[in-house]
Structure formats: C-alpha cells, structure tokens
Amino acid sequence: AQKITQTQPGMFVQEKEAVTLDCTYDTSDPSYGLFWYKQPSSGEMIFLIYQGSYDQQNATEGRYSLNFQKARKSANLVISASQLGDSAMYFCAMREQTGANSKLTFGKGITLSVRP
Amino acid sequence: DAGVTQSPTHLIKTRGQQVTLRCSPKSGHDTVSWYQQALGQGPQFIFQYYEEEERQRGNFPDRFSGHQFPNYSSELNVNALLLGDSALYLCASSLETGVNYNSPLHFGNGTRLTVT
Chain R
1 AQKITQTQPG
11 MFVQEKEAVT
21 LDCTYDTSDP
31 SYGLFWYKQP
41 SSGEMIFLIY
51 QGSYDQQNAT
61 EGRYSLNFQK
71 ARKSANLVIS
81 ASQLGDSAMY
91 FCAMREQTGA
101 NSKLTFGKGI
111 TLSVRP
Chain P
1 DAGVTQSPTH
11 LIKTRGQQVT
21 LRCSPKSGHD
31 TVSWYQQALG
41 QGPQFIFQYY
51 EEEERQRGNF
61 PDRFSGHQFP
71 NYSSELNVNA
81 LLLGDSALYL
91 CASSLETGVN
101 YNSPLHFGNG
111 TRLTVT
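First to last, the sequence lines map onto chains R and P.
Residue 59 in the numbering used here is what sits at position 59 of the first sequence, and the numbering runs on without skipping anything.
Residue 23 in the numbering used here is what sits at position 23 of the second sequence, and the numbering runs on without skipping anything.
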C-alpha cells in the first residue's frame with residue numbers, strides 16, 4: 001500500500017498568492033513524523049518543515065505552514081506569498097518510529113510553478 | 001559549516017560496469033542514508049549506515065552495497081550496472097536517526113548516474 005500520496009498534477013500559482021500542496025499518508029504506527037522537502041532543478045533536497053504525530057499545533061516555518069489533520073491522515077503544505085524562487089518539486093515524506101525504522105518514505109512529488 | 005557533499009556530480013557508465021559514489025556527511029552527523037531517485041519519482045531508500053554498519057536496507061538487490069568509514073563518510077557501490085540504475089543518487093546525513101524520528105535528514109546535491 002502506498003504510504004504517501006501526492007496526486008495533484010502540476011500546480012500553478014501567481015506570485016504573492018498562497019498555494020496549498022496536498023499530502024495524505026497511511027500508517028498504523030502511533031508515532032511518526034511528517035516532512036516536506038523542496039527540490040529545485042539543481043537536485044538538492046531542501047528541508048522545509050516538520051510535523052510530529054503528537055504535536056498539538058500545526059507547524060509553521062516562515063512562509064511555510066503545515067495543515068495537519070490527523071484523523072484524515074493529511075498533511076498539506078501551505079506556502080504563503082509565493083515567490084518566483086518557490087518554483088520547484090515538493091515532496092511529502094514520513095518517518096515511522098518502529099524499532100530502528102528510520103527511513104524516510106517519500107511521495108511522488110508535486111511540481112509547483114510560480115507565475116510572475 | 002559544510003553541508004552534505006557528494007562526488008562526482010555526474011557520471012556516465014556502460015551496462016555491466018561497476019560504480020562507486022561518495023558522500024561526506026554534514027559536520028557533526030554520524031548517520032548516512034542513500035536514496036535512489038528515478039526521473040519524475042520520489043527518492044527510494046537504499047540503505048542506512050551508522051557506526052560503520054548497515055543498519056537498515058530498502059528493497060534493493062545485493063548489487064547495491066555500501067560502506068561507512070570511521071570519519072562517517074560513506075560510499076555506495078553498484079555492481080553489474082543495468083540501464084534501470086540510471087537515476088539521481090542522493091546521500092543524506094543526520095544524527096542518531098534511530099532515536100529521534102523527528103530529526104530531518106540533510107541531503108546533498110546528488111550524483112546523477114547515466115547507464116548506457
């Protein structure tokens with residue numbers, strides 16, 4: 001079963017507007033972490049934001065916030081005030097805490113294009 | 001503070017050959033993970049090294065092997081290359097990921113391997 005699902009086609013947003021990138025996940029582990037990474041065309045995976053399964057509040061990091069709905073198993077990334085430099089691939093990932101299980105499981109990613 | 005560095009950045013090999021990719025973790029990190037990212041896909045976990053031992057392995061054949069050195073740097077070796085091994089290979093480092101599931105992985109820029 002797919003653990004991280006990112007089904008949106010390529011996303012487009014106007015500069016300075018907000019955009020939401022969807023992510024749903026599947027796990028039976030009560031302890032897990034959810035991550036969002038940005039991958040520009042250069043290839044580097046840049047860590048953006050983290051949400052823990054026991055966190056009571058949604059995570060925020062500057063222009064990035066995570067809309068965490070645990071019951072629905074969704075962890076959507078919200079980017080406010082989009083900038084041209086936000087154009088990139090965005091990946092949602094999960095780490096489960098099962099024994100020494102520490103790998104990150106990634107979704108297929110979403111392409112975001114910011115229009116001037 | 002140097003981040004994760006990988007070498008080489010690009011590599012072209014022929015089917016059946018062997019290849020070695022190298023990774024130096026972020027300063028202070030002791031755990032190295034390797035991921036394979038095919039074009040248009042999310043990264044797939046290959047294996048993780050901690051204290052010079054392979055701690056966890058993904059669903060990759062034995063042609064994929066690795067090593068971690070006392071200075072925490074790591075190598076990924078792929079034998080008997082197939083066309084399907086063409087991908088971006090990402091190295092990620094962290095600190096004791098087996099303990100803290102909320103620790104983000106820090107990625108390098110990757111090595112783009114092309115097998116012809």
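Virtual Cβ for every residue (Gly too), placed ideally from N, Cα, C.
Option in the options with minimal Cα separation from residue i
i: Pro30(R); options: Glu96(R), Ser74(R) and Gln57(R); result: Glu96(R)
i: Leu23(R); options: Asp86(R), Ile4(R), Gly43(R) and Glu17(R); result: Before going on, a small fix: residue 23(R) reads as Cys here, not Leu. Minimum Cα distance to Cys23(R) is reached at Ile4(R).
i: Ser7(P); options: Thr14(P), Arg22(P) and Gln17(P); result: Arg22(P)
i: Ser82(R); options: Gln6(R), Gly10(R), Gln14(R) and Pro9(R); result: Gln14(R)
i: Leu21(R); options: Ser28(R), Lys38(R), Gly33(R) and Tyr32(R); result: Lys38(R)
i: Leu81(P); options: Gln68(P), Ser93(P), Cys91(P) and Arg63(P); result: Arg63(P)
i: Val114(R); options: Asp26(R), Thr27(R), Gly62(R) and Pro40(R); result: Pro40(R)
i: Pro61(P); options: Thr9(P), Gly28(P) and Gln36(P); result: Gln36(P)
i: Ser86(P); options: His29(P), Thr5(P) and Gly40(P); result: Gly40(P)
i: Ser94(P); options: Tyr49(P), His10(P), Val115(P) and Arg57(P); result: Tyr49(P)
i: Arg57(P); options: Asn67(R), Asp55(R), Gly52(R) and Ser102(R); result: Ser102(R)
C-beta atoms of residue i and residue j nearer than 9 Å
i: Phe47(P); j: Leu104(R); result: no
i: Leu84(R); j: Trp36(R); result: no
i: Asn59(P); j: Gly66(P); result: no
i: Val32(P); j: Tyr89(P); result: no
i: Gly3(P); j: Lys26(P); result: yes
i: Gln6(R); j: Lys73(R); result: no
i: Thr20(P); j: Glu75(P); result: yes
i: Ser65(R); j: Ser80(R); result: yes
i: Arg15(P); j: Leu113(P); result: no
i: Leu34(R); j: Ala75(R); result: yes
Closer than 7 Å at the beta carbon, the chain P residues around residue i
i: Gly85(R); result: Chain P residues near Gly85(R): none, gap ~17 Å exceeds 7 Å.
i: Phe35(R); result: Pro104
i: Gly109(R); result: Gly42
For residue i, the three-state DSSP class (helix, strand or coil)
i: Leu95(P); result: coil
i: Gly66(P); result: strand
i: Leu104(R); result: coil
i: Gly58(P); result: coil
i: Gly85(R); result: helix
i: Gly52(R); result: strand
i: Leu83(P); result: helix
i: Gly110(P); result: coil
i: Gln6(P); result: strand
Proximal chain P residues relative to residue i, where beta-carbon distance stays under 8 Å
i: Glu44(R); result: Phe107, Gly108, Asn109 and Gly110
i: Lys103(R); result: Ser33, Phe45, Gln48, Gln56 and Gly58
Residue i classed as buried or exposed, judged by whether at least 16 other C-beta atoms fall within 10 angstroms
i: Gly110(P); result: buried
i: Pro70(P); result: exposed
i: Pro116(R); result: exposed
i: Gln57(R); result: exposed
i: Ala18(R); result: exposed
i: Gly108(P); result: buried
i: His106(P); result: buried
i: Ile49(R); result: buried
i: Ala38(P); result: exposed
i: Ala93(R); result: buried
i: Pro187(P); result: Residue 187(P) falls outside the range modelled here, since chain P spans only 1 to 116, and no answer is possible.
Proximal residues of chain P, C-beta to C-beta of residue i below 9 Å
i: Gly62(R); result: Per Cβ cutoff of 9 Å: no residues; Gly62(R) is ~15 Å from chain P at best.
i: Phe106(R); result: Tyr35, Gln37, Gln41, Gly42, Pro43, Gln44 and Phe45
i: Phe91(R); result: Gly42 and Pro43
Heavy atom of the ligand ATP within 8 Å of residue i beta-carbon
i: Arg55(P); result: Inclusion of the ligand ATP in the displayed structure is not the case, the ligand content being empty and no account of it being possible.
Chain R contact residues for residue i, given Cβ-Cβ distances below 9 Å
i: Leu88(P); result: Gly43
Notebook entry, point to check: Which residues, in chain order, does the region 48 to 77 of chain R contribute to contact with chain C at a C-beta distance below 7 Å?
Noted result: No chain C is part of this structure, whose protein chains are labelled R and P.
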